[in-house]
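Residue numbering for the sequence shown follows the numbering used here, starting at 53 and increasing by one per position. For glycine and all other residues, C-beta sits at the position ideal for the given N, C-alpha and C.
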Amino acid sequence: MLLVTSYLSLRTPLSPNILGIDNNQFEIGENELTITGYSTRFDAGVNQVWLQAEEYALCASSIEVIDSDHLKVGFDVKRNLPDKRLDLVIHSSYGGLMLSPQKVWVSDAVIKDVKRENDCYTEIEDVTAIPVFAFPNKNILNETIRNLNFHVPMWFSMIFLMLLSFAASIAYLRTSDERFDIAASSAIHVGLLFAFCGLATGATWARFTWGTWWTSDPQLNGAAISTLIYLAYFLLRRGIEDPDKKARIAAVYAIFAFVMFYVFVKVIPGMADFSLHPDTTDNPSFKDYDVEDRLKIVLRLSAAGWIALSFWIFTLLYRTRRVELKRFDP
53 MLLVTSYLSL
63 RTPLSPNILG
73 IDNNQFEIGE
83 NELTITGYST
93 RFDAGVNQVW
103 LQAEEYALCA
113 SSIEVIDSDH
123 LKVGFDVKRN
133 LPDKRLDLVI
143 HSSYGGLMLS
153 PQKVWVSDAV
163 IKDVKRENDC
173 YTEIEDVTAI
183 PVFAFPNKNI
193 LNETIRNLNF
203 HVPMWFSMIF
213 LMLLSFAASI
223 AYLRTSDERF
233 DIAASSAIHV
243 GLLFAFCGLA
253 TGATWARFTW
263 GTWWTSDPQL
273 NGAAISTLIY
283 LAYFLLRRGI
293 EDPDKKARIA
303 AVYAIFAFVM
313 FYVFVKVIPG
323 MADFSLHPDT
333 TDNPSFKDYD
343 VEDRLKIVLR
353 LSAAGWIALS
363 FWIFTLLYRT
373 RRVELKRFDP
């Protein structure tokens, strides 16, 4: 399953999107701008381009296709507009309707309640030639949205394993059964592996979206601090020689570590004034980013596959340690 989801994550095409324009400051009269798209295939045909504000629409006076991802457009801007900020909308044969909100600013406009400036705009049916299975192409993310299917499952796997260690630690304190101590330490051991993978994929994602490998983002820092807390778990075990005492103290620490992990990655980022991560503070979550079912399907399958792999690695380590314990303590 992981091979299939990895292939789909890397090979599925992205839907068309408007990356940017070279001129967003318009004046009254003739204006020209070059639009840069991604996976737009403008050369397949551009039906219309217009500026929009609610019911108002100002259609392009000229459209010139430069290549598959570049378009030169002219607008004859009138003085009376319903808003100084206008959305840019493109309707192409391949991509259908593409909207870039509040892309153009007309500083000299006089705000008036005006309707459509001309009759070139019509209710166009959003029919596209985009492949049936395509990932959403979101601003800033673009191709890096594929990493969602790797980065998020790493943390899901880590959370699953740390929750397993939390439950095993509680079970040990109640029963003093060494099997639960082995299970807790094995789960944390494998969980840290996935935590480092999560940090690595997150840092790589940050480099290509935020322009830096690391930033003072509360959720990013919280994940790093939580990883250090769990690393200290093994230092604690190494510092205690008595097996029973080691297991009891380690169990208490593992319970504390899981609570702190939740605080650092969920509670504190939610209380912060600002975070670059989605689904924290006032930032939209990925469901608000309109993550279509096509991406959700791959993400869920990928998460299930990585969690299953993490559990399998955990069982291997757990059984190996059980065998070693029986060997040295007949």
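Under the DSSP assignment, Tyr-285 falls in the alpha helix (DSSP H) whose first and last residues are 270-290.
For a cut-off of 8 Å, the C-beta gap from Val-141 to Asn-83 is around 16 Å, too long to register as a contact. Counting C-beta atoms within 10 angstroms of its own C-beta, Trp-358 has 16 or more neighbours from the protein chains shown and is therefore classed as buried. Residue burial is scored here from C-beta neighbours: Phe-218 has at least 16 other C-beta atoms within 10 angstroms and is therefore classed as buried. Of all alpha-carbon atoms in Ser-145, Ala-276 and Leu-85, the one lying nearest the alpha-carbon of Ser-91 is that of Ser-145. A buried status is given to Asn-201, since no fewer than 16 other beta-carbon atoms sit within 10 Å of its beta-carbon. At the C-beta level, Leu-133 and Ile-87 stay beyond 9 Å of one another.
Ranked by Cα distance from Thr-279, the options Met-214, Ala-220, Glu-230 and Trp-257 are led by Met-214. For Ala-309, the enclosing alpha helix (DSSP H) stretches over residues 295-314. Restricting attention to alpha helix (DSSP H) runs no shorter than 4 residues, the segment 95-126 encloses none. Put simply, of Ile-234, Asp-296 and Met-53 the residue whose alpha carbon is nearest the alpha carbon of Arg-371 is Ile-234. Taking C-alpha positions only, Pro-65 is separated from Phe-187 by approximately 6 Å.
With respect to Tyr-224, Phe-232 sits close: the two C-beta atoms are nearer than 9 Å.
Closest in C-alpha terms to Gly-81, from the list Ser-159, Leu-151 and Tyr-59, comes Ser-159.
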